[in-house]
Amino acid sequence: MRMKKLFYYSTIFSLLSAANAYAVPNRVYVGTDFIYDFNKVDGGPSFSNINPPVSQMVDAPDSMVNAAINAGYNFSENFGVEVFYQASGTHDKTYDNIASLNSQLSAETSYQAYGLDMMAYIKSTDKVDWLLSAGVAQYNFETEFKYSAGGIEKKVTEKDDSIGLRLGAGFQINFDDYISFRAMYRYIFADIPGIDKMQEILVGVRIGFDPFYY
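Residues in the sequence shown are numbered from -15 upward in steps of one, following my numbering.
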């Protein structure tokens, strides 16, 4: 964990040192992203019941589709900050005959995240920037279990949450000073049960405008 923190803070220092960027200073923007995340899974949440006795662990999602909305501000040509809210679709799994014949357990997992990323812009061409990002976010996972057997039905919701450190890299195509296309890869250090590694790729758009005081 110490090495992870060292790598994280070193990356932040690199972002602050980035130069030769294209980002328009004093520019506010809003945007949206389509996100696909893929995870290394080792276990996950568990369902348990006393009568009838049932104990079943389900695997955490190995991939999910998400959407995010965000808003940002470029302090300078080099540096900006972006806040976001992200919500996933559901990942469904069904297990049959786990405690008795004709029994069934279904599990629907989803999550929401919100946080802040620092952005660094490194000029590649007049229209293209390389991007680096470092940030922190709150991740809230939720799994809804539904167990049915012999006319008995039980619903249980399990929740897990974690603060995640986020490191990313990618590029941005600037069609003009106001409209951009973005693609990025991000690695997330989070302590979610059953997920050893959390990674995501995204594509999105940003639409900028001048703040009222500019």
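C-beta: ideal position from N, C-alpha, C; glycine also.
Just so you know, these numbers come straight off a predicted model, no measurement behind them.
Contact check, residue i vs residue j, beta carbons under 8 Å
i	j	result
G99	A118	no
I191	G64	no
I163	K111	no
A83	V12	no
Spatial neighbours of residue i in its chain, beta-carbon cut-off 6 Å, leaving aside the 5 residues before and after
i	result
I80	Reading off the sequence, residue 80 comes out as Asp, not Ile. Cβ neighbours of D80 beyond the five flanking positions: Q88.
D101	E66, S117, G119
D145	N124
S72	M48, N50, S94, Y95
P36	A83
S132	Q88
Close-in-space but distant-in-sequence residues of the same chain around residue i (CB under 8 Å, 5 per side omitted)
i	result
I184	Correcting the residue identity first, residue 184 is Glu in this sequence and not Ile. So the list reads I19, Y20, D21, F22, N50, Y169, R170, I172, once near-sequence residues are dropped.
A3	Because A3 carries a pLDDT of 41, less than 50, the predicted location of this residue cannot be relied on, and no value is offered for it.
G27	M41, D43, A44, P177, G178
V25	D43, A44, P45, D46, G178, I179, D180
Residue environment, residue i, which counts as buried when at least 16 other CB atoms sit within 10 Å
i	result
P29	buried
N54	buried
A5	For A5, the predicted model reports a pLDDT of 49, less than 50, meaning its position is unreliable; a value from the coordinates is still stated below. Buried: at least 16 other Cβ atoms inside 10 Å.
F129	buried
N10	exposed
T141	exposed
V204	The question about residue 204 has no answer, for the chain in this structure spans -15 to 198.
T127	buried
F31	buried
D194	exposed
D161	exposed
D180	exposed
Contact test: residue i Cβ vs the ligand ZN heavy atom, cutoff 7 Å
i	result
L149	No copy of the ligand ZN occurs in the structure displayed, which carries no ligand at all.
Nearest residue (CA-CA) to residue i, options the options
i	options	result
D46	G188, L186, T109, S94	S94
F59	R190, F159, M103	M103
A52	G134, E92, Q96	Q96
V204	G56, A83, H75	Absent from the model: residue 204. The displayed extent of the chain is -15 to 198, so no value can be given.
L186	A133, M48, F125, N86	M48
A91	D175, L85, K77, N35	K77
K143	D175, S132, K24, L85	D175
G202	D180, V25, K24, L85	Coverage of the chain is limited to positions -15 through 198, which leaves residue 202 absent and any answer about it impossible.
G188	V25, F31, K24, Q70	Q70
F159	D113, M182, D194	D113
L115	V25, M182, K24, F165	F165
Integer-rounded CB distance, given that residue j should sit under 8 Å from residue i
i	j	result
A167	G154	5 Å
N199	K139	For residue 199 there is no data in the structure shown, the boundaries of the chain being -15 and 198.
CB contact below 8 Å: residue i versus chain C
i	result
Q183	Going by chain labels, chain C is absent from the structure shown, which holds only one protein chain.
Beta-carbon proximity list for residue i, same chain, < 7 Å, skipping 5 on both sides
i	result
T74	E92, T93, S94
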